[in-house]
Amino acid sequence: MVRITIMQPRNSIHWTNLFLCSLGAVALAAMAACGTSDAVTDTTTDADEPMACANLAALALPDTTITLAEAIPAGPFAPPGVSRPLDLPAFCRIAATTDPAINFEVWLPTEGWNGKFHTSGNGGMAGVISYTAMASALERGYAAASTDTGHVRPGSGGFDASWALNRPDLIEDFGHRSIHLTAVHGKAITEAFYGNGPHYAYYVGCSKGGQQGMMEAQRYPDDFDGLVVGDPAHAWTSFYAGAHLWYALATLDNPDSYIPPEKVAVLGDAVTSACDRIDGIEDGVLDDPRKCHFDPSTLACTTGQDENTCLTAAQVQAVKDIWTGAKNAAGQTLYPGLVPGGEASPGGWSSWVTGEEAYAGTHFRAAEDFMKYMVFDDPAWDFRSWDYDRDLPTALAKTGDALDADDPDLRPLRDSGGKLLVYHGWSDADISPIGTIDYYEEAMSVVGDGQDRASALESTQEFFRLFMVPGMGHCRGGPGPDRFDALSALEQWVEKDIAPEQIVASKLEDGEVVRTRPLCPYPQVARWDGTGSTDDATSFACAEPD
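Anchor point for the sequence shown: position 415 equals 415 in my numbering, and the numbering is continuous, going up by one each time.
Next up, the structure:
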């Protein structure tokens, strides 16, 4: 028999044999995050004995209906929307819906459970359950969960936001409520199935998933013992206005500014040629693009030059605007721009800034839908009408509370014992890595609370570490090593108190590892020993920057 108990909030949580999930360590913050007038509650389950998979269909959870409870045998399994079957171990599959429309699933390994709970984040505008990420967690022995965040993705793609038109409740679920409730209910389901709650709970997500992870760390610090957060779109409203929309305006407001894909290589090759050797190694990767001061004006077309080999004056200005970042009428930077490096690599500017044809860039599509359906509730809104001084305050007032995870006060996460591991690719053509560094500096200032910089950094790194990834694009790809196991590093930190001093990343070509490099906790950088192979991580050590 399973008993669901409603309790008052508690400030700290540890998962052993008891399931306990707080809606917030700080009551006021939690109440604001919930977006309702309901009292803040904790949900506790106390299972006398494990429940059979089929019997979980009768499990009672607040405002939630379990729609599927079935045993899946080991072997090929094809989740909805996945192009080819996944070869998985046997598991119990639970599908459920929390009011108003938060669909989520929990996959429970039949054998070999590692005693832990894992939640996967989403990408873009979500709308789908992250089945492949769940499969990876399941194969590692986790009880795995994911959600569609409260809406089903329309057929037109991952950045379609038409579902949000005049639906502030769905925006709230998309912003923060869905992941939180998936964690609460997922852990209750896990305990009911095994008879014991998970010893540890982890979250992993990148991009939109990064925003979700930062929201969890800030609003619901007791949901997870550890979080892996990649390339986070944490300041969601400012990011969509100051990045997606800014880059679209820079390249599309004036048709002459558009940079076709074939010209991206001209820019990328020039940047690499000018700045690759700054770090002392010629490898196609800029270790710290902030040191690259390449002037795109050097690519300006001269009289009689083939325009396929150069940039027009309007295109030069577009590149400068994209690197400089969004500004208001007074010239103040509202959101940091992209940094040089990786423009021509797969997943670079051809995927985000431009496209196969004019007006096909991802930035434009994302910005347009966000503004139409979340900010202005007007499907006819024209992106050229945007004014930063007039419209950005409107956007922040409309969606900031629901979507923006920009609170630098992570002391509740620290006090709950949680660990936060964040990474960001230096060659990200979607979300500026400078924004993540700025957030880390802000958090460090709050955590340090008057300490000198060295002491504040030490205090922050006790529970929050940032790893910059040279040459990595948006979550993956780019010219640099982009494959690494952040989750294992986090497990060591959470479970054994072994903080990650470095994480080794690999570069694969045709399935073979061709280069490895250490990723270092910010502000440290990987420094070559001067003699070993520059393709071998053992030839590098993490050191303070020059």
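We put the CB at the ideal spot given by N, CA and C, even for glycine.
Following the continuous beta strand (DSSP E) through S506, name the residue where it begins and the one where it ends.
In the sequence shown, counting from the first residue as 1, residue 506 sits at position 506. DSSP places S506 in the uninterrupted beta strand (DSSP E) bounded by I503 to E509.
Who does I94 pair with in a DSSP beta bridge?
Within the sequence shown, the letter at position 94 stands for residue 94. According to DSSP, I94 bridges with A69 and V106.
Can you list, in chain order, the residues of its chain with a C-beta nearer than 8 Å to that of E357? Leave out the 5 residues immediately preceding and following it.
Here residue 357 is taken as the residue at index 357 of the sequence shown, counted from 1. Legend: pLDDT at E357 = 47, less than 50; position of this residue unreliable, no value from coordinates given.
For G226, which three-state DSSP category applies?
Here residue 226 refers to the residue found at position 226 when the sequence shown is read from its first residue. In the structure shown, G226 sits in a strand (DSSP, three-state: E or B).
Could you give the DSSP three-state label for W381: helix, strand or coil?
Within the sequence shown, numbered from 1, the residue matching residue 381 stands at position 381. In the structure shown, W381 sits in coil (DSSP, three-state: anything other than H, G, I, E or B).
Assign G75 to buried or exposed, taking buried as 16 or more other Cβ atoms, counted over all protein chains shown, within 10 Å of its Cβ.
The residue labelled residue 75 in the question sits at position 75 within the sequence shown. Answer is exposed; the Cβ neighbour count stays below 16.
Between the segment 437-452 and the segment 490-502, can you find at least three pairs of beta-carbon atoms closer than 8 Å?
no
On the DSSP letters alone, give me the boundaries of the beta strand (DSSP E) that C206 sits inside.
As a position in the sequence shown, residue 206 is number 206, starting the count at 1. Where C206 is concerned, the enclosing beta strand (DSSP E) stretches over Y200 to C206.
Mapping the DSSP letters down to three states, classify D449 as helix, strand or coil.
Taking the first residue of the sequence shown as position 1, residue 449 is located at position 449. In the structure shown, D449 sits in coil (DSSP, three-state: anything other than H, G, I, E or B).
Do three or more CB pairs link the segment 300-308 to the segment 402-422 at distances below 8 Å?
No, because fewer than three Cβ pairs between the segment 300-308 and the segment 402-422 fall closer than 8 Å, the two stretches do not touch.
Quick check: what's the CA-CA separation for F294 versus S427?
Position 294 of the sequence shown, counted from the first residue, corresponds to residue 294. Position 427 of the sequence shown, counted from the first residue, corresponds to residue 427. Taking the straight line joining both Cα atoms gives about 15 Å.
Count Cβ pairs between the segment 142-160 and the segment 112-125 that sit closer than 8 Å; are there 3 or more?
yes
Can you list, in chain order, the residues of its chain whose CB lies under 8 Å from that of S445, leaving out five sequence neighbours each side?
If you number the sequence shown from 1, residue 445 lands on position 445. The answer, listed in chain order, is P408 and A456.
Just to confirm, is the Cβ distance from L53 to A71 under 7 Å?
For this step, residue 53 is matched to residue 53 along the sequence shown. For this step, residue 71 is matched to residue 71 along the sequence shown. What sits at residue 53 in the sequence shown is Cys, not Leu. Yes; because the gap between Cβ atoms is below 7 Å, this pair is in contact.
Below 8 Å CB to CB, which residues in the same chain sit around P379 once its five sequence neighbours on both sides are set aside?
Against the sequence shown, residue 379 aligns to sequence position 379. Within the same chain, P379 has close Cβ partners S162, L165, K372 and Y373.
Which residues share a DSSP beta bridge with S146?
The residue given as residue 146 occupies position 146 in the sequence shown. The partner list for S146 (beta bridge, DSSP) reads E105.
Going by C-alpha to C-alpha distance, which of T98, M134 and T97 sits closest to V82?
As a working mapping, residue 82 is identified with position 82 in the sequence shown. Residue M134 is the option with its Cα nearest to V82.
Considering only the alpha carbon of each residue, which of A318, R93 and K291 lies closest to F193?
Residue numbering aside, residue 193 sits at position 193 when the sequence shown is read from its first letter. Nearest option by C-alpha distance: R93.
Going by CA-CA distance only, name the one from V228, D148 and V525 that's closest to R517.
Here residue 517 refers to the residue found at position 517 when the sequence shown is read from its first residue. Closest by alpha carbon: V525.
Taking Q332 as the reference, which of E343, L338 and T324 has the closest Cα?
Looking up residue 332 in the sequence shown gives position 332. Out of E343, L338 and T324, T324 has the C-alpha closest to the C-alpha of Q332.
Consult DSSP for R414 and reduce its assignment to one of helix, strand or coil.
The residue you call residue 414 lines up with position 414 of the sequence shown. Residue state, collapsed to three classes: helix.
Neighbourhood of T98 by C-beta distance below 6 Å, restricted to the same chain and skipping five residues each side:
Stepping through the sequence shown from its first residue, residue 98 is reached at position 98. Cβ within range, chain order: D63, T64 and L181.
Rounded to whole angstroms, what is the Cα-Cα separation between L487 and V228?
Here residue 487 refers to the residue found at position 487 of the sequence shown. Here residue 228 refers to the residue found at position 228 of the sequence shown. Each residue's Cα considered, the two are about 7 Å apart.
I need the straight-line Cα distance from S297 to P393, nearest angstrom please.
To locate residue 297, count along the sequence shown from 1; it is residue 297. To locate residue 393, count along the sequence shown from 1; it is residue 393. Going from the Cα of S297 to the Cα of P393 covers about 33 Å.
Let me know the secondary structure DSSP gives W575 once reduced to three states.
One cannot answer for residue 575 here, as it falls past the ends of the chain, which runs 1 to 546.
Helix or strand or just coil, what does DSSP make of A489?
Residue numbering aside, residue 489 sits at position 489 when the sequence shown is read from its first letter. Reduced to three states, the DSSP call for A489 is helix.
Measuring only the C-alpha atoms, how far is L86 from T132?
By one-based count along the sequence shown, residue 86 stands at place 86. By one-based count along the sequence shown, residue 132 stands at place 132. Their backbone Cα atoms lie some 8 Å apart in a straight line.
Can you check DSSP and say which residues form a bridge with C475?
Here residue 475 refers to the residue found at position 475 when the sequence shown is read from its first residue. Assignment of beta-bridge partners to C475 by DSSP yields no partner.
Once you ignore the five residues that flank A443 on each side, which residues in its own chain have a CB closer than 8 Å to its CB?
The sequence position of residue 443 within the sequence shown is 443, counting from 1. Within the same chain, A443 has close Cβ partners P408, D409, L410, T460 and F464.
For N122, count the other beta carbons within 10 Å of its own beta carbon; 16 or more makes it buried, fewer makes it exposed. Which is it?
As a working note, residue 122 is residue 122 in the sequence shown. Under this definition N122 is a buried residue.
Reduced DSSP secondary structure (H/G/I, E/B, other) of M468
Indexing the sequence shown from 1 puts residue 468 at position 468. DSSP, reduced to helix, strand and coil, places M468 within a strand of the structure shown.
Distance between K208 and P232 (C-alpha atoms, nearest Å):
Along the sequence shown, one-based indexing puts residue 232 at 232. Along the sequence shown, one-based indexing puts residue 208 at 208. The alpha-carbon atoms of P232 and K208 are separated by roughly 7 Å.
Contact between the segment 191-205 and the segment 169-178 is defined here as three or more beta-carbon pairs at a separation below 8 Å; is this criterion met?
Result no; under three Cβ-Cβ pairs closer than 8 Å.
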